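Q: For the sequence shown, my numbering assigns the number 172 to the initial residue and increments by one for each residue that follows.
Sending over a structure as structure tokens; questions will come in a sec.
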Amino acid sequence: MQWHSLGELLDWSAGQYAHKPLFIAGAQTLSFAEVQRQVNKTANLLASVGIEKGAHVAVMLPNGVDFPILWLALAKLGAVMIPVNIN
């Protein structure tokens, strides 16, 4: 199997492992399908405010599932995440 983007890999993985856990942060567990849903929702929101392929986006978030979800959403759009340390 060959994927051309992280978005394609996530979509394929969600189809294969929908109910298996992907992210576990403290008491919060998100399945592949739930992560895919949140990534798609976030990517659509970002696109609606003008984030597109090649855009550079600074991100300042604490550790948790929001960080990789935002990273995957930006990658799905072809945008570049610039992580900013919160400390």
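Note that the Cβ used here is the ideal one computed from N, Cα and C, for glycine as well.
Quick caveat: nothing in here was measured; it's all calculated off a predicted structure.
Who pairs with Met252 in a beta bridge, going by DSSP?
A: Walking along the sequence shown from the start, residue 252 turns up at place 81. DSSP lists Val228 as partners of Met252.
Q: Compute the beta-carbon to beta-carbon distance between Phe194 and Val255, rounded to the nearest angstrom, for a pair I have assumed lies under 8 angstroms.
A: Residue numbering aside, residue 194 sits at position 23 when the sequence shown is read from its first letter. Residue numbering aside, residue 255 sits at position 84 when the sequence shown is read from its first letter. Their Cβ separation, rounded to whole angstroms, is 21 angstroms, which puts Phe194 and Val255 out of contact at 8 angstroms.
Q: Please report how far the alpha carbon of Leu241 lies from the alpha carbon of Gln173, in whole angstroms.
A: In the sequence shown, counting from the first residue as 1, residue 241 sits at position 70. In the sequence shown, counting from the first residue as 1, residue 173 sits at position 2. Answer to the nearest angstrom: the Cα atoms are 23 angstroms apart.
Q: Would you report the Cα separation of Ala198 and Met231, rounded to the nearest angstrom?
A: Against the sequence shown, residue 198 aligns to sequence position 27. Against the sequence shown, residue 231 aligns to sequence position 60. When rounded, the distance between both Cα atoms is 22 angstroms.
Q: In this structure, how does DSSP classify Ser202 when only helix, strand and coil are distinguished?
A: Here residue 202 refers to the residue found at position 31 of the sequence shown. In this structure, Ser202 counts as strand in the three-state DSSP scheme.
Q: What do you reckon, are the CB atoms on Gly178 and Lys247 nearer than 7 angstroms?
A: One-based indexing of the sequence shown puts residue 178 at position 7. One-based indexing of the sequence shown puts residue 247 at position 76. Cβ atoms of Gly178 and Lys247: closer than 7 angstroms.
Q: With a threshold of 6 angstroms on Cβ separation, who are the neighbours of Gln207 within its own chain once the five nearest residues in sequence on each side are excluded?
A: Here residue 207 refers to the residue found at position 36 when the sequence shown is read from its first residue. Counting only Cβ-Cβ distances below 6 angstroms, and skipping sequence neighbours, we find Leu181, Ala185.
Q: Looking at Lys212: is its Cβ nearer than 7 angstroms to the Cβ of Gly249?
A: On the sequence shown, position 41 is the one that residue 212 refers to. On the sequence shown, position 78 is the one that residue 249 refers to. Result no, Cβ atoms of Lys212 and Gly249 do not sit closer than 7 angstroms.
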